[in-house]
Each structure stands twice: as C-alpha cells, then as structure tokens.
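There are 2 protein chains.
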Amino acid sequence: MRPERPAPLAKQGRGPSMHDVAARAGVSHQTVSRVLNDFPGIRPETRERVQAAIRELGYRRNMAARALATGRSEVIGVIMPEVPHFGPTSTLYAIEHAAKQVGFKPLITTASWDSESMGEALDFLLGRAVDALVVMAQHPDVLAAVDAITDVPVLFVLTGNSHAERSVAVDQVAGTRLALDHLYSLGHRRFQHITGIAGLTEAQLRRDTFLEFLDEHGLERLPVLEGDWSADAGYRAGLEVEEGVTALFVANDPMAIGAIHALEERGLSVPRDISVVGFDDVPESAYAHPGLTTVHQDFAAVGLRAVSLVFAAINGKEPGPVEPIEPWLVVRDSTAPLRA
Amino acid sequence: MRPERPAPLAKQGRGPSMHDVAARAGVSHQTVSRVLNDFPGIRPETRERVQAAIRELGYRRNMAARALATGRSEVIGVIMPEVPHFGPTSTLYAIEHAAKQVGFKPLITTASWDSESMGEALDFLLGRAVDALVVMAQHPDVLAAVDAITDVPVLFVLTGNSHAERSVAVDQVAGTRLALDHLYSLGHRRFQHITGIAGLTEAQLRRDTFLEFLDEHGLERLPVLEGDWSADAGYRAGLEVEEGVTALFVANDPMAIGAIHALEERGLSVPRDISVVGFDDVPESAYAHPGLTTVHQDFAAVGLRAVSLVFAAINGKEPGPVEPIEPWLVVRDSTAPLRA
DNA sequence: CGTCAACATGTTATCGTCAACATCGCGATG
DNA sequence: CATCGCGATGTTGACGATAACATGTTGACG
Numbered sequence: 005m006r007p008e009r010p011a012p013l014a015k016q017g018r019g020p021s022m023h024d025v026a027a028r029a030g031v032s033h034q035t036v037s038r039v040l041n042d043f044p045g046i047r048p049e050t051r052e053r054v055q056a057a058i059r060e061l062g063y064r065r066n067m068a069a070r071a072l073a074t075g076r077s078e079v080i081g082v083i084m085p086e087v088p089h090f091g092p093t094s095t096l097y098a099i100e101h102a103a104k105q106v107g108f109k110p111l112i113t114t115a116s117w118d119s120e121s122m123g124e125a126l127d128f129l130l131g132r133a134v135d136a137l138v139v140m141a142q143h144p145d146v147l148a149a150v151d152a153i154t155d156v157p158v159l160f161v162l163t164g165n166s167h168a169e170r171s172v173a174v175d176q177v178a179g180t181r182l183a184l185d186h187l188y189s190l191g192h193r194r195f196q197h198i199t200g201i202a203g204l205t206e207a208q209l210r211r212d213t214f215l216e217f218l219d220e221h222g223l224e225r226l227p228v229l230e231g232d233w234s235a236d237a238g239y240r241a242g243l244e245v246e247e248g249v250t251a252l253f254v255a256n257d258p259m260a261i262g263a264i265h266a267l268e269e270r271g272l273s274v275p276r277d278i279s280v281v282g283f284d285d286v287p288e289s290a291y292a293h294p295g296l297t298t299v300h301q302d303f304a305a306v307g308l309r310a311v312s313l314v315f316a317a318i319n320g321k322e323p324g325p326v327e328p329i330e331p332w333l334v335v336r337d338s339t340a341p342l343r344a
Numbered sequence: 005m006r007p008e009r010p011a012p013l014a015k016q017g018r019g020p021s022m023h024d025v026a027a028r029a030g031v032s033h034q035t036v037s038r039v040l041n042d043f044p045g046i047r048p049e050t051r052e053r054v055q056a057a058i059r060e061l062g063y064r065r066n067m068a069a070r071a072l073a074t075g076r077s078e079v080i081g082v083i084m085p086e087v088p089h090f091g092p093t094s095t096l097y098a099i100e101h102a103a104k105q106v107g108f109k110p111l112i113t114t115a116s117w118d119s120e121s122m123g124e125a126l127d128f129l130l131g132r133a134v135d136a137l138v139v140m141a142q143h144p145d146v147l148a149a150v151d152a153i154t155d156v157p158v159l160f161v162l163t164g165n166s167h168a169e170r171s172v173a174v175d176q177v178a179g180t181r182l183a184l185d186h187l188y189s190l191g192h193r194r195f196q197h198i199t200g201i202a203g204l205t206e207a208q209l210r211r212d213t214f215l216e217f218l219d220e221h222g223l224e225r226l227p228v229l230e231g232d233w234s235a236d237a238g239y240r241a242g243l244e245v246e247e248g249v250t251a252l253f254v255a256n257d258p259m260a261i262g263a264i265h266a267l268e269e270r271g272l273s274v275p276r277d278i279s280v281v282g283f284d285d286v287p288e289s290a291y292a293h294p295g296l297t298t299v300h301q302d303f304a305a306v307g308l309r310a311v312s313l314v315f316a317a318i319n320g321k322e323p324g325p326v327e328p329i330e331p332w333l334v335v336r337d338s339t340a341p342l343r344a
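From first to last, the protein sequence lines are chains A and B.
Mapping of the first sequence onto the working numbering: residues 5 to 344, in sequence order.
Mapping of the second sequence onto the working numbering: residues 5 to 344, in sequence order.
Structural data, given as structure tokens:
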C-alpha cells in the first residue's frame, strides 16, 4: 500500500456535461450555466426546460472545471493537529456545520508542527485552490510556516490569545485564572499543575499563567508535572503529586480524571484531601467520580466565529479586531474548601 | 451570514502556471508536466533546470486543472454523522493518516440519514470528482441513498456486520457477546441494557444481540432503556435501572460512566451491587471510577482497512470478501462475580 | 553513408465551466 | 417607419493541466 505513481486508472466514463444538458433542453450551454448560477433574465419557461433536462440526465456540476474557470473552490482548507483531542475535534465539527451554512465545505489535512509537515499540508491545500485556510495552530512554530501564505486568507484557531488579529481562540489566561481563583478562594495555598504537551501554545499559556498566579500570591512553586493531554499521563503525573498539596490544576479533563484515579489509589480523597480542577469540560466530566470542576471552553462558538471571519475575508471584508472567546468555570464536586 | 449567491469575489492574482515555469526553464510546458509526473526519458540536466524554475517561482500545481484533465482528484469523500462520537471521529483520523500514506486526502462532509441530507452530501462530493466515497453509515436508510452511486467506488464503514462485501466494520455481535458472556460467567442472571440512538445500525445490533442472548439463556427480558450515546442519557437511564438487576450492559462508555454515576447516587455500589460493562474503550474508561470493563473497538484498524480497500477499488482491483474486525474485552473493576 | 530506432522534446486538442462580447427579436419612441 | 434599447440567448476564448501525436537529434548498423 505504498504511493504507487501513475496508477492504472480506469477512468470511468464521465457523467453528462453542460453541453449534454443544453442539447437536451434545446438551448446553449451558457444558458444552462446561467440557470445553474441563478442569473436573472432567463425566461421562466426556458429555466423550467433546463431544470427538467438536468433532472432527467442526473447532471451534476463539475466543480473542478468551475474552480478552474473561476479560481474559487468553495472549499476551505483546515489544518488539524495529528492527534484527535477534544478541542480541535469539537471545533472541526463546529466549523463543518457553520461552513455548510454558507456554502463551504472543509478539506481536512493533519500536520505536525515541523515545517516539512506543514509545508506538505500547505502545498496540498493550496494546490486544491482552497478559498481560505484555517489553521489549528497549537504550536508557535507553525505561525512562521504559514505567515508566508498570501494567496488566500488565513485564520488561526485555538492559539490561545496570541496573534489576535488573525485568530479565534478561547482566552486561556482568563480560563486559567478562573480555575486558580476558585481554588484560592476556597482557602488553598499549596498548588501543583499538570501540563499539556510541552510547547503547545495552550499548554504553555496555562502553565505560564499558573506560575504567574503563584508569584502574584506569593505561593511556593512546586515542580510542574509534565503531561501530554492523555488520561494515562494524568494518571502517571497523579502519582507524583507532592505531599501536602491541596489544590491540583490540571491542563485538561482527561488528565484530571487520570490524576484523580492515581490520587485515590494513593489513599487521597478528592476533594476531601485535595481539590482538582480540569480544563475543557468534556461531556463525561459531569459524571466523573467525583464530578469534575473544570473550565468550560465553547468550541462551538470558536468554530462559528472562525467560519464567519473566514467568510468575511473571502468576500474581501477586512474584519475588525477579534475578541477572544470567554471560558467559564463549572463547579462540581472535585473541589472543596480547605480543611482546617 | 446566509449563503449569498455570486459573492463579490476578489479573485486574487493567481500563482505561476506551467507555462511560466516552462518559459523560465527554457522548455515547453509539457516537459514541465513530465518532470512533475516523474515520467522517464527526461535528460537529468533538463529535469534539474525545470525543478530549479519550479523552486524559484514557488510554482504549485493546480489540482483543479489536473482533475479536469485526468478525471481524478486524489481526494476521497467521507460522509460522517453529524454528531462527533468517539467511533466515527477516531476512524476519521485513522482514515486521514492512512490516506495520506497513499497520496489521498479526505474531503469531509456530514449528513444525517434523511435522503435530502444524504443527497446534498453526495452531490457535493461527487461534484468534486472524489475518487471514492467512504460512508460512515450508521443508519440502514443511507444504504439505499448511496446504492444508486456507480460513478465511483463506495465503501461503508461502521455498519455493524451488514453489507459485508462493501463495508468495513467491527463485529458488533461478537463484541456484545463478549460483554454478555463475561457477565454471565460471573454468575449474573438479571440483565438490563442501555441502548444507543434508536435506529442506528450499531445500536440496533447491540440491542438485538442482547435480547437474543437473554432468550438463549432463558433470562428475563427487563425493559430496555433508551439512550443516545451521551453521558447525560446514560445518567438518566441509570436512574431507571430496575431493582435487583446485577448486570448492566451499556451500549457505549460515556453512557456507562453516566449510568454508574446515577447508580452510585442511588446508593448502589459498582461492582459490589451491580456490574457494568461499556462499549468502545475510550481512553478515559481505564480511569473511570471504578475502572470500566468494556469492549475495545479498534478504530485505527477500521480506518486502515477502509483506506486499503478504497485504494484497491480506485485502482480497479476487486477486493475479496472482507472479514469484520474483531473487538476484544477489557476487564477492569466495574464487573465482579455475583454475590451469593 | 543512408536509414531507422530510440530518446528527448515540442505542438495541438481536450477536459467542463465561466466571462466577455455578439446577436437576435421585439416593443417603445421620435 | 427607422432606430434605439433591452431582454433573452448564442458564440468564442480563457482557465491550467494531461494526452496523443509530431518533430528533431542521436548513434548504431548494414
């Protein structure tokens, strides 16, 4: 199953073209084109006849030809991270739905952050004449790789708050502070943090904000525990949480669930001995044991806004400044006041 | 943000074409084409010169033109369900990765099962001249809608064991029996089941097999609890589980997690009072409380096999019969022997 | 030394659509 | 009644690539 080159190609007989429809309707192909594109100034009767011919022949417009002629494809390219995490996946679905509303479809490709991988993804998508590019840029390096693109509008998604003019993101700093303020206000003073994949923008922002928060409140900086977004990593990190820590801020929900499992194995009760806050609010978090306090990110809103901006850009409107999307805290049973 | 018709279209100046490259390299455009397509019989020096020109101009092949000329697009159309569940999403990622290996990319669109929605999806994808179609057909009705398609190879994915010649699926019957046999062999005799979305093939197969199993073993048919795959629904169904039931088979993991939460709220201990088995083996299941016994479905394998079949079909090879993919049981702490 | 293969390359037609311009018919108008 | 204008349609030439065929240059060989 390697990439064989020319491939036997059976080239099945193509379907009917505009000419076939035109012939059948007794008009010129251009009239068919006009009907298809809802141009004014077609006699109702003619339109009727053309539409009948289209139906009878099962004609379907050839978008390759259309794209060639117009330079537009009605497809937006989406570059996704290679691993299916909750955030990007949810956002992708939201994008797909919103895009469909305005007549676009997403063409997906995945890429890691190295420039070779990004380069391939870009070549592929631009070669397809996508009308715009949505980049789920989880790593600062991709910004550089994509910055050179001027052919089409580019929008970054899920990049934290950086690159604000051309990006849609949930405000990571605000979200992190919601979580930490909550813990602090419950009386907790010994905090630890489990991070997401090192280097990814969101993981970095949550981590940086965590450390800032400690400093602001004069709290001790215990070692940051490295995670990778997975429940497995959360579990492993949970085994390493220091004695005496009463507040654990975890960079996403699956890791939080893993960490809680580890803590309980160690005989620590959540939230009796230690409070835990996650991030994302995945649907299962409400039913975790105990119910997970977490920061809700509205990925549907991210997707919707992304498409709306992309659509505007395609039509040549320069968008104003973009407000980050505000997350909110969902308090459940994994957090409790510090015991005296 | 409605689907405006012609749209202002700014038509940004297109990039360089083959002719530009040819001019720069001092050859004909056809020679450029030959270099691009790795044709034999090009003098190394000429090839060198062309490649230099390509690099210097930042030339990128126009796939719309290529697709028009060849009738192939190197894109495979994927029709997904509208809601992002674990199975389809995981499979999508697997497909994307596998497809990339053989030089294809997925063009995604979602559709519900009604024929209008499917029709639109098909029009869109076939209009794009996709080389093949992968349909995640979770509902029997879509089979009919897609059956009319003869333009390109079509493959069904995740349809349970039906439609075997043209589909790739995890063996739902076998998976369900793994779960039930496990519970039965632990001594349980009072079973209940929480279903997935009514009508979806997989939900239906799990449910039917569950009922069959009860009959085979002469067990009482307690009411089947209707779910919709979501943890919320699992929670609600969990509140309805009958007194005296000691074995709960849930059609997926998120619902199982929700159900366990409900059971514990009711004062029932899992697995002490009631054993629970899920389906899917989502990564968080290992760290649920208690660790969830579940049926693992290898979606990566599904995606891989799907692409391999699609690739074969595109190249005109008729595939032999397709074996379903075997699931396996992962035993964790949510199941225990029946107490005397 | 003429001929013919083989290699390397150029030329022309074609894919299906849209865009720009041309035409045709007909009622209104001066 | 010639002409203008406009509504409705037809004609021609891109778009950027591939495919099929044509051409020109070598070198081997009788």
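Virtual Cβ for every residue (Gly too), placed ideally from N, Cα, C.
B:V306 (DSSP reduced to helix, strand or coil):
In the structure shown, the three-state DSSP call for B:V306 is helix.
Note down, in chain order, each residue of its chain lying with its Cβ closer than 8 angstroms to the Cβ of A:A56, except the 5 sequence neighbours on either side.
Cβ neighbours of A:A56 beyond the five flanking positions: A29.
Per DSSP, A:I80 is paired with what?
BP columns for A:I80 point to A:P110 and A:A136.
Return helix, strand or coil for B:H289, following the three-state DSSP convention.
Note that residue 289 of chain B corresponds to Ser in the displayed sequence, not to His. Residue state, collapsed to three classes: helix.
Which partner residues does A:Q196 have in the DSSP bridge list?
Under DSSP, the beta-bridge partners assigned to A:Q196 are A:L252.
Spell out whether any CB of chain B is found under 8 angstroms from the CB atom of A:G271.
No, its Cβ sits nowhere closer than 8 angstroms to a Cβ of chain B.
May I have the straight-line CA-CA distance separating A:V306 from B:R47, to the nearest angstrom?
Cα to Cα, A:V306 sits roughly 52 angstroms from B:R47.
Can you check which of these residues, B:L333, B:E100, B:W117 and B:R210, is closest to B:A310 by C-alpha distance?
Minimum Cα-Cα distance from B:A310 among the listed residues B:L333, B:E100, B:W117 and B:R210 corresponds to B:E100.
Between the beta-carbon of A:T298 and the beta-carbon of A:F283, is there less than 8 angstroms?
In contact: A:T298 and A:F283 (Cβ atoms closer than 8 angstroms).
Bounding residues of the beta strand (DSSP E) (the contiguous stretch that carries A:D284):
From DSSP, the beta strand (DSSP E) with A:D284 extends over S279 to D284.
Closer than 9 angstroms between beta carbons: that is the criterion. Which residues of the region 271-286 of chain A meet it against chain B?
For the region 271-286 of chain A, which is checked against every Cβ of chain B, the residues closer than 9 angstroms are V286.
Counting Cβ pairs closer than 8 angstroms, one from the region 189-206 of chain A and one from the region 237-255 of chain B, do we hit at least three?
The answer is no - the region 237-255 of chain B does not touch the region 189-206 of chain A, with fewer than three Cβ pairs under 8 angstroms.
Can you have a look at B:W332 and say buried or exposed, based on whether 16 or more other CB atoms are within 10 angstroms of its CB?
In the assembly as shown, B:W332 is an exposed residue. Its beta-carbon has fewer than 16 other beta-carbons within 10 Å.
Where does A:V335 sit, in a helix, a strand or coil, going by DSSP?
The answer is coil: DSSP assigns A:V335 none of H, G, I, E or B.
Let me know the secondary structure DSSP gives A:H221 once reduced to three states.
In the structure shown, A:H221 sits in coil (DSSP, three-state: anything other than H, G, I, E or B).
Buried versus exposed, by CB contacts within 10 Å (16 or more), A:Q34:
So A:Q34 ends up on the exposed side.
By a C-beta neighbour count over all protein chains shown, 10 Å radius and 16 as the cutoff for buried, is B:A345 buried or exposed?
Any answer about residue 345 of chain B is impossible in this case: the structure gives chain B only from 5 up to 344.
CB contact check: A:N66 to chain B, cutoff 8 angstroms:
Answer yes: the Cβ-Cβ gap between A:N66 and chain B drops below 8 angstroms somewhere.
Between the alpha carbons of A:A27 and A:E78, how many angstroms are there, rounded?
Whole-angstrom Cα-Cα distance: 28 angstroms.
Burial state of A:G320, where buried means 16 or more other Cβ atoms lie within 10 Å:
So A:G320 ends up on the exposed side.
Have a look at B:L272 and B:A317 and give me their C-alpha separation to the nearest angstrom.
C-alpha separation (whole angstroms): 52 angstroms.
Neighbour-count burial assignment, B:R70, 16 or more Cβ in a 10 Å radius:
Burial call: buried.
So the candidates are A:A178, A:D257, A:D42 and A:L226; which of them puts its Cα closest to the Cα of A:R194?
Taking only the C-alpha atoms, the option nearest A:R194 is A:L226.
Between B:A14 and B:H197, what straight-line distance do the alpha-carbon atoms span, to the nearest angstrom?
Residue placement at B:A14 is flagged as unreliable, the pLDDT there being 32, under the threshold of 50; the coordinate-derived value follows with that caveat. Distance between the alpha carbons of B:A14 and B:H197: 57 angstroms.
To which residues of the same chain is B:S32 closer than 6 angstroms at the C-beta, ignoring the five residues directly before and after it?
A distance below 6 angstroms between beta-carbons, with the five flanking residues on each side excluded, links B:S32 to the following residues of its chain, in chain order: A26.
For B:H300, report the span of its beta strand (DSSP E) as first-last.
Where B:H300 is concerned, the enclosing beta strand (DSSP E) starts and stops at T297 to H300.
Using a beta-carbon distance cut-off of less than 7 angstroms, what residues from the region 113-127 of chain B approach chain A?
Within the region 113-127 of chain B, the residues whose Cβ lies closer than 7 angstroms to some Cβ of chain A are T113, T114 and D127, listed in chain order.
Only counting the same chain, and skipping five residues up and downstream in sequence, which positions put a Cβ closer than 7 angstroms to that of B:V334?
So the list reads D285, T297, T298 and H300, once near-sequence residues are dropped.
With DSSP run on the structure shown, which of helix, strand or coil describes A:L229?
In this structure, DSSP gives A:L229 an extended state, which the three-state scheme calls strand.
Taking only the alpha-carbon atoms, compute the straight-line gap between A:A263 and B:S119 and give it to the nearest angstrom.
So the alpha carbons of these two residues sit roughly 45 angstroms apart.
What does the Cβ neighbour count give for B:S279, buried or exposed, with the cut at 16 atoms within 10 Å?
It is buried - the Cβ of B:S279 has at least 16 other Cβ atoms within 10 Å.
Would you decide whether A:H221 is buried or exposed? Buried here means 16 or more other CB atoms lie within 10 Å of its CB.
Burial is judged here by how many other beta carbons sit within 10 angstroms of a residue's own beta carbon; A:H221 has fewer than 16 and is exposed.
So that I know if they touch, is there some Cβ in chain A lying closer than 8 angstroms to that of B:H23?
By this cut-off, B:H23 is not an interface position.
Output the distance between the C-alpha atoms of A:L190 and A:D337, rounded to the nearest integer angstrom.
A:L190 and A:D337 have their C-alpha atoms some 13 angstroms from each other.
Within chain A, partners of B:D302 - CB distance below 9 angstroms:
Those do not exist, as B:D302 stays about 15 angstroms from chain A at its closest Cβ, beyond 9 angstroms.
Quick one: Cα of B:A115 to Cα of A:I83, how far?
Whole-angstrom Cα-Cα distance: 22 angstroms.
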